[in-house]
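Reading the sequence shown from the start, the letters are residues 1 to 236 in the UniProt record's numbering.
What follows is one structure encoded as structure tokens, with my remarks underneath.
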Amino acid sequence: MAGGAQWKPYAYEDENGHLLGVSVDIARRVMELANVDVTFVTYPVNRLQSMLQKGEIDINYADALIWNSPQEQRHYVFSKPYSVVNEHLYFLADHPARKQSIEQLNQLTIGMVRGYTYWALDPAITAHRLDRLETSQEDALIKLLGNGRVDAIAMVDDIFNALVTSNHLDPNLFRQGAKLSEAPLVFKLQPQHAQWLAPINRAIDTLRASGELERIRRQYLPVKAGLSCAGLGTVC
1 MAGGAQWKPY AYEDENGHLL GVSVDIARRV MELANVDVTF VTYPVNRLQS MLQKGEIDIN
61 YADALIWNSP QEQRHYVFSK PYSVVNEHLY FLADHPARKQ SIEQLNQLTI GMVRGYTYWA
121 LDPAITAHRL DRLETSQEDA LIKLLGNGRV DAIAMVDDIF NALVTSNHLD PNLFRQGAKL
181 SEAPLVFKLQ PQHAQWLAPI NRAIDTLRAS GELERIRRQY LPVKAGLSCA GLGTVC
């Protein structure tokens, strides 16, 4: 079984309940070429992580090495990257901390999806310079930000841009803040399936060489942009 969390546009269900997205489409093609027969499912992040720990999920099809603890990195096996996502903090346009580095942030509440880990924020959270407010879905986070319930939210850039578009929000209401990570997306496999790694990596190489990886990305991400002081472009 290949599992992932729902995070549009990488993995989500359409109005008919069909699973699709950047990672889903790429994973289906990779598994087809690698001759690995799996069923694709999505779960909330906490449940997905619990199922992985219990060995009830064979593959996480949209993970990143840097999202895993050192212990997890030693336990699981990881494929070559098939895409890259960037994560930033996002503020309302007039928030006084929008231009600050993570080290400068103080006495702020950061919204994030329950179960997600942002290692860049951990020292400030441990030192009680930052508080976290967790929710189950990204949609709720952008509403909390708009209502001023949190000072900023932590989110993948592509997801934030998709939410702004799908909720018909003015991008000039927001500003991109400090960068949290640049995360190459990979397949995370249970160690007993390490023999799948070589054919999966070969399939990723084949799809990259043919341009199919990029074509799938562009199908869901036609515009590559981030919020800035002017709305879209470079970071404030």
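Beta carbons are placed, not taken as given, at the ideal position from N, Cα and C, and that holds for glycine.
For residue i, the nearest candidate out of the options (CA to CA)
i, options, result
"R129", "L121, I59 and P9", "L121"
"A93", "N172, A162, R132 and H168", "N172"
"E32", "G211, N201 and Y220", "N201"
"M112", "Y12, R217, F78 and A154", "A154"
"S136", "N46, A34 and S23", "N46"
"G4", "E15, D14 and L52", "L52"
"V147", "L221, E72 and F174", "Sequence inspection shows Asn at residue 147; the Val mentioned does not correspond to that position. Ranking the options by Cα distance to N147, first place goes to F174."
"Y12", "I159, S210 and R215", "I159"
Contact under 9 Å by Cβ, residue i with residue j
i, j, result
"Y90", "Q6", "no"
"K8", "H88", "no"
"Y10", "L141", "no"
"V77", "P199", "no"
"L163", "A152", "no"
"S83", "S23", "yes"
"T109", "R74", "no"
"L197", "S79", "yes"
With 16 other Cβ atoms within 10 Å as the buried cut-off, status of residue i
i, result
"residue 237", "Limits of the chain in this structure are 1 at one end and 236 at the other, which puts residue 237 out of reach."
"L227", "Summary for L227: the model assigns pLDDT 47, below 50, so the residue's position carries little reliability; its value from the coordinates is reported in the next sentence. Answer is buried; the Cβ neighbour count reaches 16."
"I125", "exposed"
"residue 241", "Residue 241 lies beyond the stretch modelled for the chain, which goes from 1 to 236, so this question has no answer here."
"A2", "buried"
"V85", "buried"
"K188", "buried"
"P96", "exposed"
"K224", "In this predicted model, K224 has a pLDDT of only 44, less than 50, meaning its place in the structure is not dependable; the value taken from the coordinates is given anyway. The residue is exposed, with fewer than 16 neighbouring Cβ atoms inside 10 Å."
"Q219", "exposed"
"A194", "exposed"
"E182", "exposed"
"N161", "buried"
"E138", "buried"
"Q49", "buried"
Where residue i falls: helix, strand or coil (DSSP)
i, result
"I216", "helix"
"K99", "coil"
"D94", "coil"
"Q176", "strand"
"R114", "coil"
"V38", "coil"
"H193", "helix"
"G146", "helix"
"R129", "coil"
"E138", "helix"
"E72", "helix"
"L163", "helix"
"I59", "strand"
"P123", "helix"
"P171", "helix"
"P9", "coil"
"S79", "coil"
"E87", "strand"
"E32", "helix"
Cβ of residue i within 9 Å of any chain B Cβ
i, result
"Q104", "In the displayed structure, chain B is absent; only one protein chain is listed."
(message) I want to know whether the stretch 23-36 touches the stretch 59-73 - three or more CB-CB distances under 8 Å.
(response) yes
(request) Report yes or no: do three or more beta-carbon pairs, one from the stretch 200-207 and one from the stretch 100-118, lie closer than 8 Å? (result) no
(request) Pair every Cβ in the stretch 10-21 with every Cβ in the stretch 33-49, then say whether three or more of these pairs are closer than 8 Å. (result) yes
(request) Evaluate contact between the stretch 104-112 and the stretch 159-170, counting only Cβ atoms and requiring at least three cross-stretch pairs below 8 Å. (result) no
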